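Under our numbering, the first residue of the sequence shown is numbered 1369, with each subsequent residue one higher.
Even glycine gets a Cβ: it sits at the ideal position worked out from N, Cα and C.
Computed from a predicted model, the values in this text were never measured in an experiment.
Presented below is the structure to which this report refers.
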Amino acid sequence: MLPVVMLCMALPPVAWSALAFPVDDSFTAESAFVREHKNYPDIRITRIEPAAGVVVERNRVYRQIGTRALHMDLFRPGGAKPESRRPAVLLIHGGGWRSGNRTMQEPMATYLANRGFITATVEYRLSPEARYPAAVQDIKTALCWLHRNAGELGVDRKRIAILGASSGAQLATLVGVTPGLSAFRTEGMGRLEACESVAAIVNLDGIVSFVTPVALAHENDPRKNPSAAGAWFGGRFEEVPHLWREASPLEYAGSGSPPTLFINSSKPRFHAGRDEYVARLTAANVQTEVMTHRETPHPYWLFDPWFEPTAERVENFLERVLK
């Protein structure tokens, strides 16, 4: 168990003294920059400022679990008529299911809000605090919170998308293809699967199968004890294979899945299951797109020069599928 860490930079602006849960702060934009700058000396951490009229509302509590509050930050464009409803995007950060925080998705959230989307970056429980499927349940609850508060926020319930990066992309895709799945039900989601459904998925370099050969070769590396996935599931594939399969979005992909955009780095192991997923959606006549950046590190979305073309492709995709 990791110790409780009091953070003043890596976490969003909450009451630091109130943190009473284990935190792994090893993955931040700054730590990723230090690691990747050696091989990509021209990169810069992306910073995006809200446009005039964009309202930023931080630390909205969307779920309370005993004394543990889970938060999201909202980015809302101004200038809309009261009766209008805008498309929304829920953004999920990465960090190997054990690290990272929601501020890492703030550049993308701000970029999209500047272009008319209502966006929300979400906090969820990571593996040092709670193992799978807690994170999945948290994110589904966040979607239901957006549904319940759609009137106040000006959200069009039929035009809510989900976007994730790395492990957050695996989570976003899993949530997107499993509305109403009983394994992930928890209090506060609402009735049936209506509030869990999304109209589109954006996957930034996240695997969609834990059980492909390439995924298993990485996660079962004996030097990793445990691997990131193993820590999240509470055991290696050989010990809890049903969880590794259950958490693989590929297991559910097909007819009825939302349109999906993959934007990948040049690192093949983060594409695990992607081609099979695309083939299944294509066979079901569901719109699926793939964009691959050449010669990029895994966390490319955190850095210029890759952020801008990534964000433009995300915007164009969402504009088309959320008409």
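Contact check, residue i vs residue j, beta carbons under 8 Å
i, j, result
"Leu1531", "Val1576", "no"
"Arg1426", "Asp1441", "yes"
"Pro1501", "Ala1551", "yes"
"Thr1628", "Thr1664", "no"
"Leu1521", "Ile1486", "yes"
"Val1654", "Ser1625", "yes"
"Pro1418", "Ala1488", "no"
"Val1429", "His1439", "yes"
"Arg1648", "Phe1630", "no"
"Val1579", "Trp1600", "no"
"Pro1400", "Leu1572", "The question names Pro, yet the displayed sequence has Ala at residue 1400. No, the pair does not count as a contact, with Cβ atoms beyond the cut-off."
"Ala1567", "Arg1527", "yes"
"Pro1390", "Gly1421", "no"
"Thr1414", "Phe1675", "yes"
"Val1570", "Pro1636", "no"
"Ser1623", "Ala1652", "yes"
"Leu1686", "Ala1518", "no"
Simplified DSSP state of residue i, which is helix, strand or coil
i, result
"Val1545", "helix"
"Pro1626", "coil"
"Asn1427", "strand"
"Arg1648", "helix"
"Val1654", "coil"
"Asn1684", "helix"
"Thr1554", "coil"
"Phe1389", "coil"
"Val1504", "helix"
"Pro1594", "coil"
"Val1382", "With a pLDDT of 45 at Val1382, under the threshold of 50, the predicted position of this residue should be treated as unreliable, though the coordinate-derived value follows. DSSP places Val1382 in coil when its eight states are reduced to three."
"Gly1519", "helix"
"Thr1509", "helix"
"His1661", "coil"
"Phe1638", "helix"
"Gly1603", "coil"
"His1439", "strand"
"Asp1643", "helix"
"Ala1533", "strand"
"Phe1578", "coil"
"Val1570", "strand"
"Leu1560", "Legend: pLDDT at Leu1560 = 49, less than 50; position of this residue unreliable, value from coordinates given subsequently. Residue state, collapsed to three classes: coil."
"Phe1395", "coil"
Outcome for residue i when other beta-carbon atoms lying within 10 angstroms are tallied against a minimum of 16
i, result
"Glu1614", "buried"
"Arg1688", "exposed"
"Ala1388", "exposed"
"Pro1455", "buried"
"Arg1412", "exposed"
"Glu1680", "exposed"
"Lys1508", "buried"
"Asn1598", "First, the residue type needs correcting, since residue 1598 is Gly and not Asn in the sequence shown. Buried is the call here."
"Asp1589", "exposed"
"Pro1667", "buried"
"Gly1544", "buried"
"Glu1587", "buried"
"Leu1560", "For Leu1560, the predicted structure reports a pLDDT of 49, less than 50, and the residue's modelled location is therefore unreliable. A value from the coordinates is still provided. With fewer than 16 other Cβ atoms within 10 Å, it is exposed."
"Asp1410", "exposed"
"Glu1504", "As written in the sequence, residue 1504 is Val, which differs from the Glu given in the question. It counts as buried."
"His1610", "exposed"
"Val1523", "buried"
"Val1402", "exposed"
Residue i at chain D interface by Cβ criterion, 8 Å
i, result
"His1461", "The structure shown contains no chain D; it is built from a single protein chain."
* Counting pairs of beta carbons, one from the stretch 1531 to 1540 and one from the stretch 1460 to 1472, are three or more of them closer than 8 Å? -> Contact between the stretch 1531 to 1540 and the stretch 1460 to 1472 is present, because at least three Cβ pairs lie under 8 Å.
Next on the checklist: Check whether the stretch 1486 to 1506 and the stretch 1464 to 1475 touch, using three or more Cβ-Cβ pairs below 8 Å as the test.
Outcome noted: Yes, they touch.
Item to check | 3-residue-minimum beta strand (DSSP E) runs that sit fully inside the stretch 1452 to 1494, ordered along the chain | outcome: You should have 1454 to 1460 and 1486 to 1490.
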